[in-house]
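Scroll down for the structure; my scribbles are underneath it.
4 protein chains.
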Amino acid sequence: MIVTVKNQCSKREFDKLISWIKSLGLDTHVSAGANATVIGLIGDTSRVDIELLHSLEIVEAVTRIQEPFKNANRKFHPEDSIIDVKGVKFGGTHFPIIAGPCSVESEKQVIEIAKAVKEAGATMLRGGAFKPRTSPYAFQGMGVDGIKILQKAREEVGLPIVTEIMSEKYIDAFEDVDMVQIGARNMQNFDLLKAVGRLNKPVLLKRGLANTIQEWLMSAEYIMSEGNNNIVLCERGIRTFEPYTRNTLDLSAIPILKEKTHLPVIVDPSHASGLSRLVKPMSLASVGAGADGLIIEVHNNPAKALCDGAQSLRPEQFADVVKAIDVMLPLVNKER
Amino acid sequence: MIVTVKNQCSKREFDKLISWIKSLGLDTHVSAGANATVIGLIGDTSRVDIELLHSLEIVEAVTRIQEPFKNANRKFHPEDSIIDVKGVKFGGTHFPIIAGPCSVESEKQVIEIAKAVKEAGATMLRGGAFKPRTSPYAFQGMGVDGIKILQKAREEVGLPIVTEIMSEKYIDAFEDVDMVQIGARNMQNFDLLKAVGRLNKPVLLKRGLANTIQEWLMSAEYIMSEGNNNIVLCERGIRTFEPYTRNTLDLSAIPILKEKTHLPVIVDPSHASGLSRLVKPMSLASVGAGADGLIIEVHNNPAKALCDGAQSLRPEQFADVVKAIDVMLPLVNKER
Amino acid sequence: MIVTVKNQCSKREFDKLISWIKSLGLDTHVSAGANATVIGLIGDTSRVDIELLHSLEIVEAVTRIQEPFKNANRKFHPEDSIIDVKGVKFGGTHFPIIAGPCSVESEKQVIEIAKAVKEAGATMLRGGAFKPRTSPYAFQGMGVDGIKILQKAREEVGLPIVTEIMSEKYIDAFEDVDMVQIGARNMQNFDLLKAVGRLNKPVLLKRGLANTIQEWLMSAEYIMSEGNNNIVLCERGIRTFEPYTRNTLDLSAIPILKEKTHLPVIVDPSHASGLSRLVKPMSLASVGAGADGLIIEVHNNPAKALCDGAQSLRPEQFADVVKAIDVMLPLVNKER
Amino acid sequence: MIVTVKNQCSKREFDKLISWIKSLGLDTHVSAGANATVIGLIGDTSRVDIELLHSLEIVEAVTRIQEPFKNANRKFHPEDSIIDVKGVKFGGTHFPIIAGPCSVESEKQVIEIAKAVKEAGATMLRGGAFKPRTSPYAFQGMGVDGIKILQKAREEVGLPIVTEIMSEKYIDAFEDVDMVQIGARNMQNFDLLKAVGRLNKPVLLKRGLANTIQEWLMSAEYIMSEGNNNIVLCERGIRTFEPYTRNTLDLSAIPILKEKTHLPVIVDPSHASGLSRLVKPMSLASVGAGADGLIIEVHNNPAKALCDGAQSLRPEQFADVVKAIDVMLPLVNKER
């Protein structure tokens, strides 16, 4: 870490800063210039509060040289991590496709969709049992009963399941879930991150709506710091000023993540735009950007054919997307 | 709610939409035009999934006429709510100032600061016992012990206390806390919102970094829907592209909130900019914008005089800010 | 256009609003509800000031049914526009690739790059003669002399040329340029838009850093309203909070534009990220998203091999990108 | 400037970087560490292309120590600049209030408003002759005739005038305008900046919708680099995700600017929110934040009383705002 100090800074202030840095167990290397003095911090700087330093009146700038994430850092783990979810592999040349309904509504619904998406090529089943909703008056999901339905569908159809956890207090209900999802709104719910870090189970960590890539990797780091390294990241759109789409899918995050971390990263093209007709082009775009997989909403409720234009695809539309992906995968050295 | 339907929509699709709307217990009023057909939804539309409607292929636009929040809505509660925290009142002509250290570090530290800020005019004491930190390697707060220290300081100095809750599992430890804070990162931690909604205790609800004013009021609605109407909102800056400040304080949110809701709203000028030298101008700006109070970080640790330029003020600087505020309050029909 | 009026509005105010709407040559259709009254505006609403309406105290909401752009609107022109730049076609099944140096520096440099990119498969040559730079102290481009160099390269190598215009006063110098580029910072320089609208020449219209898709189409509308319909749009990244990339490439804008307009849209993957190593994945992602072409920076100055990691590719890297694109095009029904 | 180089960088690449830096006329100071090597650049770094450096593969980070703006920099000009517009002073303890209609529509209208705002305390007259409009179908302003009307009003009422220039080609028409405004959309129209830089006339430079404070000061630098130092900055709201207001007024920019530059900065509270009922609270907030003045829209067209709720105040509302400001000014050491 490099701290640039203003030249008008008094010797007393400067010495206080140096001794504070040393009190953190770090060494310093000072080089004085005409306009500013530069302090190099030598040692493990991951515990240094960069915002505190930055806000000091005598400090002009602070530059991190080491990234603040360690376990998630590709520098210290150059090979791709391969995350195994009951035989479904994420990372490397693998390209799993997770599919299923937005919300779990009934056993019949989930099993029908599960069969349809499996036939179309999906390798894992998703479905919301606990639903984060902006309004307290909206349907909050079936909860624990929803998880049981997903487990039945898994038995029947043979796809591993992933579903979202919203609170630590339900963690026991996730014991027999194959992959636990942390939703965008909980990406910085640090107690929940620590709790899933203590599980011996893969975690699907969605990016927060307004979180930087570095903050996202720091949230992965929370999980890893508790001993769980089985993390798959999921880009799902960030908040911008553009109103035609619900969120802006940040696909350049994919090649950036490939440099910064060894963890796999998949894309959710359904939630980002909020428009099912964008799922196909954005799925192909995700493959092109180098994603390690996709998670796609599929519904099959004829009573809700109303939703044809909504963010969920019908099974036949999903099959069409999978076919296009399969043609494209060899171009990016991936296979299914 | 007004739904505008494209004219190329088939009669079958249109009828399906109408019967779906009716299945929600709503009436409809249809008016066909040359370019589009407009459906007025009559009844309680707060349960309607606006995103679902918006994403339908046959739908051109959806306009809410009723705001989705009810309990928090000024329309149904025209008078300012006055929230009473052990005699400290928020709302109406009141203007409380909450002050205290960023983190609780020791009994001595907290009691000293509490005495200093009380003398300078603070009416409540703040201090972080549980600390949300981007990095798992940063100090996470003293936890339950920190709350005990705040309680001791309250006994000694006589100021009610407010501190942040980060997880439902610690809720018992907050039984003897006077006001519970929900931090920015937990603004949409819906299980936590419901949990504090079941408490009989005032809640300080901070705005999320990338949350709209409407989402913020919907989070207040979560708390109120469980029976707790004692909510004070707190603007603390939103995420933008500007790098000179940590966040951008959105002061126009204040007069907007005054129209939309009867709940009081205070401002945190310390966290938004991350720079203590901005606390005074942004405090006066908050008063001008019509805020109902302030929450300000103050430190007094001489060993950390290092932090002079950081986001915390020293007690004497805080006293200077309070003095300036006191001169200004009569202009905005507030008093302390 | 639908205007929702608050119920507390007085009859006098309501009547004034109605007669103002009628003074614009529009008819109205009023339907009164329990909570609000809805006014439908019938006729050509493209001249209505939506912001004015929205800001009226008695107005709750305004919804446009007709998009404010007409000439650019796919509704009134369902077929893809094919823009022909000296035989290079944009739109439909075509997929041109424009390549060349960031700045024109010398005849030798431009001709060498032009030859190299033509051999690698580029169909048009780009190069900055006038350079928009944040700093007045940075190199501002060779100006008119730069255009002459591009014209020589065209003669020598046989690729049509595109280069950016920054001010109306240089418009004569662009007479023999094949396609005129409007840069991101000038997307709402309305006098410049009108000026190129009076040219009989294709225009490459880049998206502004913080402009919505609708504003972008309104800028195309400015050009078209002067009689020039030969417009190619270019997505080049929008401004967000993410610091790892210079801008965030908004690829979901591509399928949205395909719905809203008949104009072709290409992508600039070099400028968005600012990192040459992201050009290949983001080029493939653009193809997947349905783009109609690409514009890519290529340099060949061995003295600047320093720039290897910058936003420009070397010719051999560019050739590799073109090869990958060519394999992918049939999947999206495009050909070169 | 500090350049941090990755340790895996080869000696050849490193040496090339060093000699490139030296070719710019700069000295270097290298200090090698365990994880990275740091190069200090010594000399005038304002010409160094920071984005180029940042994008090099061997570079980990680049930190500017010197700000890239010089003439606008408070470091080299510690005293407040006082800008004099025909006797109306901006900067220091002064607090001018500019008022007038959004658009110039007729001589009668402008003279009536001019009289009313002068009586209410305005010290300068504003009015749009050339209007930047998103739509080519919206009223584009009266142009040169509008300027003549403003000049007549000045004669009649005695207030200096400010109006927006949108294109260099009209510069002659501004010869007898007292202050030339550069609008938000033209903040980075560099040719226009240079053109007004060659005028001997004060410039009101509005912040672009999505421009950082540093980019804004670099645009001031463009004007100053041509010899015109008479610049007043104007904050008018930035683009964010919040839909309740048209833009988000960034008041923390005010104290930041007070540190970074000696140029005065005023606030436009009318355009930021787009709501006239926010003008009063945001005006008081601006005073609190330390602004050097205000520019406020006022209308008096009874035929448009329709606009009562729009962004313009009526003269009596404006008088009320001025009265409140006058009470507040002594608190911030300002006077009128």
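Chains as they are written, first to last, in this note's numbering: chain A, 22 to 357; chain B, 22 to 357; chain C, 22 to 357; chain D, 22 to 357.
Note that the Cβ used here is the ideal one computed from N, Cα and C, for glycine as well.
As the structure is a prediction and not an experimental result, all values here were calculated from the model.
- In this structure, the CA atom of residue 319 of chain B is about 9 angstroms from the CA atom of residue 135 of chain B.
- Bounds of the beta strand (DSSP E) holding residue 57 of chain C are 57–63.
- The secondary-structure analysis by DSSP pairs residue 121 of chain D across a beta bridge with D:318.
- Not a single C-beta of chain B is nearer than 7 angstroms to the C-beta of residue 257 of chain A.
- If you keep only unbroken alpha helix (DSSP H) runs of at least 4 residues inside the segment 50–109 of chain A, you get 71–76.
- Within the segment 244–277 of chain B, the residues whose Cβ lies closer than 9 angstroms to any Cβ of chain D are, in chain order, 258, 259, 260, 261, 262, 263, 264, 265, 266, 268, 269, 270, 271, 272, 273, 274, 275, 276, 277.
- Close to residue 25 of chain D, with beta-carbon spacing below 8 angstroms, are these residues of chain A in chain order: 23, 84, 86.
- Note that the C-beta distance between residue 273 of chain D and residue 296 of chain C is not below 7 angstroms.
- Going by DSSP, residue 198 of chain D is part of no alpha helix (DSSP H) at all; its letter is neither H nor E.
- By the C-beta criterion, the segment 337–346 of chain B is judged to be in contact with the segment 304–314 of chain B, since at least 3 inter-stretch pairs fall below 8 angstroms.
- Three or more beta-carbon pairs separated by less than 8 angstroms link the segment 22–38 of chain B to the segment 79–91 of chain B, which places the two stretches in contact.
- With contact defined as three or more Cβ pairs closer than 8 angstroms, the segment 231–242 of chain B and the segment 86–94 of chain B are in contact.
- 7 angstroms or more divides the Cβ of residue 61 of chain A from the Cβ of residue 47 of chain A.
- Residue-level contact by beta carbon holds for residue 233 of chain C and chain A, with a gap shorter than 7 angstroms.
- Of all alpha-carbon atoms in B:260, B:278, B:69, B:148, the one lying nearest the alpha-carbon of residue 231 of chain B is that of B:260.
- Using beta-carbon distances, residue 350 of chain C does not count as an interface residue toward chain D, since no partner is under 7 angstroms.
- Shortest Cα-Cα distance from residue 114 of chain B to any of B:234, B:270, B:286 involves B:286.
- Excluding five sequence positions before and after residue 269 of chain D, the CB atoms of its chain that fall closer than 8 angstroms to its own CB belong to 258, 259, 260, 261, 263, 293, given in chain order.
- For residue 133 of chain B, the enclosing alpha helix (DSSP H) stretches over residues 128–141.
- Put simply, the segment 181–191 of chain C touches the segment 201–212 of chain C. At least three CB pairs are less than 8 angstroms apart.
- The Cβ neighbour count for residue 105 of chain C, taken over all protein chains shown within 10 Å, is under 16; the residue is labelled exposed.
- Counting along the chain, residue 244 of chain C sits inside no beta strand (DSSP E); it lies in the alpha helix (DSSP H) bounded by residues 234–246.
- Here residue 51 of chain C is exposed: its Cβ has fewer than 16 other Cβ atoms, across all protein chains shown, within 10 Å.
- When C-alpha distances from residue 233 of chain D are compared across B:70, B:243, B:27, B:265, the shortest belongs to B:265.
- In this structure, residue 302 of chain A places its C-beta atom within 7 angstroms of the C-beta atom of residue 311 of chain C.
- Looking at the backbone, the Cα of residue 126 of chain B and that of residue 193 of chain B are separated by about 21 angstroms.
- With respect to the 7 angstroms criterion, residue 141 of chain C and residue 340 of chain C are classified as neighbours on the basis of their beta carbons.
- Secondary structure of residue 147 of chain A (DSSP, three-state): strand.
- Proximity of the segment 139–155 of chain D to the segment 173–183 of chain D meets the contact definition, three or more beta-carbon pairs being nearer than 8 angstroms.
- Neighbours of residue 59 of chain D in chain A, taken as residues whose beta carbon is under 7 angstroms from its own, are 23, 61 in chain order.
- Within its own chain, the residues whose Cβ lies closer than 8 angstroms to the Cβ of residue 222 of chain A, once the five positions on either side in sequence are excluded, are 195, 198, 199, 200, 201, 249, 251, listed in chain order.
- Taking a beta-carbon distance threshold of 7 angstroms, residue 356 of chain A does not count as an interface residue toward chain D.
- Among the residues facing chain D, residue 291 of chain C is not included, as its CB has no counterpart in that chain under 7 angstroms away.
- Beta-bridge partners assigned by DSSP to residue 254 of chain A: A:226, A:286.
- Residue 281 of chain B and residue 96 of chain B have their alpha carbons spaced roughly 8 angstroms apart.
- Burial of residue 178 of chain B is indicated by the presence of at least 16 other C-beta atoms within 10 angstroms of its C-beta.
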